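One structure below.
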C-alpha cells in the first residue's frame with residue numbers, strides 16, 4: 438500500500454530526475470558520476486522528514502544538494518579547477 442510520502446516522492450522523482458541529471462552532468466562532465474550524484478540527492482530527500490516538504494516543492498533543495506555532491510565528487514577526484522564556465526553554471 439502506497440503512503441502519502443511514497444506518492445509524493447514518486448511524483449517528485451518523475452518530475453525532477455531528468456533535469457537534475459542534466460544539471461549534474463554539466464558540472465561533472467561524466468554520466469556515471471552524474472547518475473550517482475542524482476541518486477544520492479534523491480536518497481537524501483527520502484531520508485528527510487516528510488512533513489518538511491509535504492506542501493513544498495523541493496526543487497531548489499534538490500539542486501543545491503546535487504550541486505554540493507557534484508563539487509564534492511570533483512574535489513575527491515582532484516579535478517576541480519573552477520573555470521569561468523563552471524562558475525557561471527554554479528551561480529545559476
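In the working numbering, the protein residues as written are 438 to 529. Even glycine gets a Cβ: it sits at the ideal position worked out from N, Cα and C. The model shown is predicted, which means the values in this text are computed figures rather than measured ones.
Exercise. Quick one: Cα of residue 446 to Cα of residue 524, how far?
Worked result: C-alpha separation (whole angstroms): 31 angstroms.
Problem set entry | Exposed unless 16 or more other CB atoms sit within 10 angstroms - verdict on residue 456 | That one is exposed.
Problem set entry | Length of the line joining the Cα atoms of residue 501 and residue 476 | Rounded to whole angstroms, residue 501 to residue 476 spans 14 angstroms at the Cα level.
For this session: Please confirm if residue 460 has its CB atom under 9 angstroms from at least one CB of chain D.
Result: Within the model displayed, chain D is absent; a lone protein chain is all it includes.
For this session: Flag this pair as yes or no: are the beta carbons of residue 453 and residue 513 separated by less than 9 angstroms?
Result: Not closer than 9 angstroms, so no.
For this session: Could you work out which residue in 440, 498, 473 is closest to residue 509 when comparing CA atoms only?
Result: Considering only 440, 498, 473, the residue with the shortest C-alpha distance to residue 509 is 473.
Exercise. Roughly how many whole angstroms lie between the Cα atoms of residue 464 and residue 438?
Worked result: The straight-line gap from Cα to Cα measures roughly 38 angstroms.
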